[in-house]
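Beneath this line is the structure, given in structure tokens, with notes to follow.
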Amino acid sequence: MDYRISKPKVSIIIPVYNNAPFLEQSIRSAICQTYANIEIVMVDDCSTDPAVQPILDKFSAYPNVRLYRNNQNQGISRTQNIAIFHATGDIIAFLDCDDLLEPFAVELSLVHWTEETKYSFSNRIHIDEHSCEIKRVGCEHNPLHDLFTEQLDANMYASHFKMISRDVFRKIGVFNPDYDSAQDYDLVLRAAFRYPRTAFVHVPYYLYKYRIHSKQTTHLIMQQQIKLAGRISHDAKMRRNIRNGHFHIPIQFVIVTHKNGKAALKCIRSIEKTVHVPYGILLFENGSLTRCTTYIRRRIRNRPGVKAIFSRNRISPASALREALRFVRKDAYIIRLDPDLKATEGWIEEFLLNVPIWISTSSCSRSSWHNPSPCTP
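First residue of the sequence shown: 1, per full-length UniProt numbering; consecutive thereafter.
Dropping the structure here:
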């Protein structure tokens, strides 16, 4: 696909918090893109500077600009997520409210997009408070394979100017508020875990002007970023280890079913396709008719990792679960699954990362199964 011909809609999102001296220039750099099919989505995160509101109100009158305001301060990740949900574009582009885009940033980025592309990033120019150039930062000396070995440097070079397909957020979720100030680093590593290298494109031009100023570059912020980067890198390594079959606790899945054998077997097949760490499956059949139990017995006969327990009489769901737990390994990490759920690739990595391992029994509901991240657009 030639994106110059198909002309997908690009949403440039601008999370706003104060920075009135730079805000108007930033918004204008988004509006004045040479690429026509764009929208600007601004979300004000309860700015305390009274000079911000008149600027935002002025630009909200433009036909391709939409303005939203948070009722209370949400932080950068949640504000970006709100903007993503309001955006209607096929591709989401990101601009901080104190930075600038070159006029041809979107158009030149799309020149490098193909059908495989999900995430593009460019070189950047560092500027000072007066918009004077300080230095140029390129990615030529940072090999792309670093994305896939979790060795991104502290500069987080895959951050500016980034354009991301909406499909990515549907697949991996949105920004994690736990990693505010390093949320870009977390997102790109999660994307790299789920997509091949060919989905990432480096645009070898200086398209983004990253402003360095006193309110932004505090020692405290830098220390926080370093600390969070360590946690994010640890998470990325753990995801890879789990996908490669390494986890320090055996996993025991428990499925309680009644007259739902076909769905339960589909659930089991999806586990077999997506879980690579050592595991066992306990299927508790809660008093179904003989033909149902016969069907299950026949289908699990050649599945050595699946054990079935059949209750002659139907008991309450809580009693059925308690009865099932009598047959599980006592040293196992227990995950209860609804029988009508289907696992998707990457779910177990996010599940084991986000559930405290000191909980001996964990339940996976419909919502947490389909969406390990807090929310997806």
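Ideal Cβ positions, reconstructed from N, Cα and C, are used throughout, including at glycine. Owing to the predicted nature of the structure, the values given are computational and were not obtained by experimental measurement.
In this structure, does DSSP put residue i in helix, strand or coil?
i: P177; result: helix
i: S319; result: helix
i: S165; result: strand
i: Y195; result: coil
i: Y68; result: strand
i: Y206; result: strand
i: E133; result: strand
i: S11; result: strand
i: V277; result: coil
i: S159; result: coil
i: Y62; result: coil
i: R269; result: helix
i: L352; result: helix
i: V16; result: strand
i: L341; result: coil
i: A154; result: Since pLDDT at A154 reaches only 39, below the 50 mark, its modelled position is unreliable, and the value read off the structure follows with that caveat. Coil.
i: R124; result: strand
i: R336; result: strand
i: V52; result: helix
i: V188; result: helix
i: V201; result: strand
What separation, rounded to the nearest whole angstrom, lies between the Cα atoms of residue i and residue j?
i: I335; j: K262; result: 20 Å
i: P317; j: I309; result: 14 Å
i: I92; j: F247; result: 35 Å
i: S109; j: Q225; result: 28 Å
i: I229; j: I221; result: Note that residue 229 is Ala in the sequence shown here, rather than Ile. Their backbone Cα atoms lie some 12 Å apart in a straight line.
i: residue 386; j: I12; result: No statement about residue 386 is possible, as the shown extent of the chain runs from 1 to 377 and does not include it.
i: F351; j: I268; result: 17 Å
i: I300; j: D331; result: 24 Å
i: E349; j: R190; result: 11 Å
i: V16; j: L95; result: 10 Å
i: E345; j: R66; result: 35 Å
i: I255; j: T88; result: 39 Å
i: R170; j: F22; result: 32 Å
i: C132; j: A36; result: 28 Å
i: S233; j: I296; result: 43 Å
i: I271; j: D186; result: 26 Å
i: V10; j: D45; result: 22 Å
i: residue 385; j: A105; result: With the chain represented from 1 up to 377, any question about residue 385 goes unanswered, as that position is not in the structure.
i: Q200; j: V328; result: Residue identity differs from the one stated: residue 200 is Phe in this sequence, not Gln. Near 43 Å, if we compare the C-alpha coordinates of V328 and F200.
i: V137; j: L341; result: 46 Å
i: R166; j: G280; result: 36 Å
i: N18; j: K259; result: 58 Å
i: I315; j: R322; result: 11 Å
i: R243; j: S214; result: 42 Å
i: R231; j: N81; result: 21 Å
i: residue 380; j: F284; result: The chain is shown only over 1 to 377; residue 380 falls outside these bounds and no answer can be derived.
Rounded C-beta distance between residue i and residue j? I'm assuming under 8 Å.
i: R239; j: L353; result: 7 Å
i: F161; j: L207; result: 4 Å
i: S77; j: P204; result: With a Cβ gap of about 29 Å, S77 and P204 do not count as contacting.
i: K307; j: L282; result: 5 Å
i: T274; j: A343; result: 4 Å
i: I172; j: K118; result: In fact, because the Cβ distance is near 10 Å, the residues do not count as touching under 8 Å.
i: I212; j: D338; result: Incorrect: roughly 51 Å between the Cβ atoms, too far for contact.
i: E102; j: N64; result: With a Cβ gap of about 19 Å, E102 and N64 do not count as contacting.
i: C97; j: I14; result: 5 Å
i: P250; j: Y333; result: 7 Å
i: A30; j: I55; result: Contact flag wrong, Cβ pair sits at about 13 Å.
i: A83; j: V41; result: 5 Å
i: D184; j: S159; result: 4 Å
In or out: residue i buried (at least 16 other Cβ within 10 Å) or exposed?
i: A61; result: exposed
i: N123; result: buried
i: N313; result: exposed
i: residue 411; result: The requested residue 411 is not part of the displayed model; the chain covers only 1 to 377.
i: A236; result: buried
i: G245; result: exposed
i: V111; result: exposed
i: D57; result: exposed
i: N71; result: exposed
i: I27; result: buried
i: R291; result: exposed
i: K7; result: exposed
i: L100; result: buried
i: T48; result: exposed
i: Q223; result: exposed
i: residue 378; result: The structure shown does not extend to residue 378, since the chain is modelled only from 1 to 377, so the question has no answer here.
i: L265; result: buried
i: K227; result: exposed
Would you say residue i reaches chain B, if we count a Cβ-Cβ gap shorter than 8 Å as a contact?
i: A182; result: Any reference to chain B falls outside this structure, which holds one protein chain only.
### Query
Of all the alpha helix (DSSP H) runs that stay within the bounds of the stretch 19-50, which reach a length of 4 or more residues?
20-31
### Task
Could you tell me which uninterrupted beta strand (DSSP E) segments, each at least 3 residues in length, are contained entirely in the stretch 208-266, listed from first to last along the chain?
251-257
### Task
Counting only runs of 3+ residues fully inside the stretch 280-322, write out the beta strand (DSSP E) ranges in chain order.
306-311
### Contained alpha helix (DSSP H) runs [length at least 4] in the stretch 70-98, N- to C-terminal order
76-86
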